[in-house]
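Before any comments, here is the structure.
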Amino acid sequence: MVQAKLTALGQKFGLPFDLGKIDLTGNLAENVRALRKIAELAETNAKLLPEMLKLARKLCRAEIKEAQYYRAATKMALSHQTKIDKYSADIFLQLVQHETKSSRLEYRTNQKAQLIKRRAEARRNYYQNTEYATEIELIDLEIENLEANNKLLKESKTKKLESTQQRKQKLLEYYNSAFEGGVYDFSPTSTEPQ
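Last residue of the sequence shown: 308 (the working numbering), numbering continuous.
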């Protein structure tokens, strides 16, 4: 009768073995011990299940926020990358334009230099074929010497003018600093401050 009740109880709870034929020898004893451990774990887990569900929800929310963060960061990075690409393209275009302008200027400069060189050669050839070639060369040297002297003279005049202005400024500052704070009358009758 006890065996029948145990068998009915095992069937009611869906146990894979018949409780009526339990003997604590052999393999069945180990199964019962394992079932007890599982029951204890299930009971402990039943207490921890709400906490585990709460942590799982937090984890899901955190993963969603992380995905949103990565999406926003990627979006911002792409927008900044397009700005950087635009600036890089602008810089490249400016460099190309600068190279074009500089090559034009270089071409013009080379043309002018060649023209000056050709003129100098033509003048030299013309002067060498005349009977006054040495006199003309001497005159050219004198002209170059005069131009160099004029240049030095202008530079020295400019430096002298600058130093004179600086000296005047220093004297004015000295004069003003000497008489700060009081008004002085420099008439022959009085030398005292008023």
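Where a beta carbon is used, it is the ideal one built from N, C-alpha and C, also for glycine.
Assigned with DSSP and collapsed to three states, glutamate 220 falls in helix.
Straight through space, the alpha carbons of leucine 219 and isoleucine 253 are spaced by roughly 34 Å. Beyond the five residues adjoining it in sequence on each side, asparagine 264 comes within less than 8 Å, by CB distance, of no other residue in the same chain. Here DSSP, grouped into helix, strand and coil, assigns leucine 129 to coil.
The three-state secondary structure of glutamate 294, taken from DSSP, is coil.
When rounded, the separation of the alpha-carbon atoms in leucine 286 and leucine 267 is 28 Å.
One alpha carbon belongs to glutamine 211, the other to tyrosine 201, and they sit about 15 Å apart.
For tyrosine 246, the three-state secondary structure derived from DSSP is coil. Serine 217 and alanine 247 have their C-alpha atoms some 39 Å from each other.
One alpha carbon belongs to glutamine 225, the other to glutamate 213, and they sit about 18 Å apart. When the Cα atoms are used, lysine 197 and threonine 188 turn out to be separated by approximately 14 Å.
Asparagine 290 and lysine 284 have their C-alpha atoms spaced approximately 10 Å apart. Going by C-alpha positions, leucine 255 is about 40 Å away from lysine 282.
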